[in-house]
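*Asks:*
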Amino acid sequence: MKSLTKILTIIFAFGALQASAQTDKETTERIVKQQNFVFNAVTAIPMADNALNQVLNQYPNSRNNLLNLSGQQYDVRVTKDSVVAYLPFYGRSFTPSYDPNDSGTKFKSKDFKYNAEKKKKNWVITIEPNDVRDHQKLVFNISEKGYASLSVQNVNRQPMSFNGNLSEPKEKKKD
0 MKSLTKILTI
10 IFAFGALQAS
20 AQTDKETTER
30 IVKQQNFVFN
40 AVTAIPMADN
50 ALNQVLNQYP
60 NSRNNLLNLS
70 GQQYDVRVTK
80 DSVVAYLPFY
90 GRSFTPSYDP
100 NDSGTKFKSK
110 DFKYNAEKKK
120 KNWVITIEPN
130 DVRDHQKLVF
140 NISEKGYASL
150 SVQNVNRQPM
160 SFNGNLSEPK
170 EKKKD
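Residue numbers for the sequence shown follow numbering that gives the first Met the number 0, beginning at 0 and rising by one.
Shown next as structure tokens:
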């Protein structure tokens with residue numbers, strides 16, 4: 000009886016977690032069309048190679064080349080006039096930076112190309128910032144329910160992918 004209660008509790012908890020992570024179809028369509036959304040990264044998927052896998056397998060909650068980012072606050076914020084990215088990078092860099100604080104995909108762009116296409120039941124959004132140091136391309140694949148994958152392509156680094164979900168930006172409180 001105790002095991003049945005535990006199983007039901009776990010099922011209920013996962014159901015509640017999934018419901019909170021999803022957006023409905025209308026919300027997803029609206030925030031994509033209005034170009035006003037936040038991509039919250041949940042997992043990072045670096046390009047696999049043996050050396051990287053040996054390092055990543057030592058992290059808790061990581062399997063092969065899949066890293067759990069829950070609770071880390073990595074995201075990409077998209078509005079009509081800006082794109083702000085704060086994502087980690089795990090992989091090989093072809094031209095490394097001398098600044099230790101300059102790791103990951105971190106930039107603020109006000110000059111960028113934004114292309115959104117509806118394909119069947121998904122959205123494909125391509126963002127190319129023009130005013131950042133490295134030439135980068137962000138490609139989002141977004142489901143109607145707000146689940147999304149993001150591919151980050153950079154000329155100076157191996158490509159990297161993220162899985163996560165979309166949400167509306169939180170309103171800033173006015174004093």
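Quick reminder that beta carbons are idealized off the backbone N, C-alpha and C, glycines included.
1) Per DSSP, T125 is paired with what?
2) According to DSSP, is V31 helix, strand or coil?
3) Judging by CA-CA distance, which residue of S102, Y113 and D23 is the nearest neighbour of F139?
4) Mind checking which residues open and close the beta strand (DSSP E) that includes F161?
5) Let's see if you can read the secondary structure: which residues bound the beta strand (DSSP E) around V154?
6) Report the option in F88, K107 and L66 whose CA atom is closest to the CA atom of V77.
7) Taking the beta strand (DSSP E) that K105 belongs to, which residues open and close that run?
8) DSSP has D74 in a bridge; who is on the other side?
9) Could you check how far apart the C-beta atoms of E143 and K24 are, in whole angstroms? I think they sit under 8 Å.
10) Roughly how many whole angstroms lie between the Cα atoms of G70 and R156?
11) Could you please give me the residues that DSSP links to Y146 through a beta bridge?
*Replies:* If we stick to the structure as given:
1) N114 and V138
2) helix
3) Y113
4) M159 to S166
5) Unbroken run through V154: none, as it is neither H nor E.
6) K107
7) T104 to S108
8) N39 and Y85
9) 5 Å
10) 25 Å
11) N164
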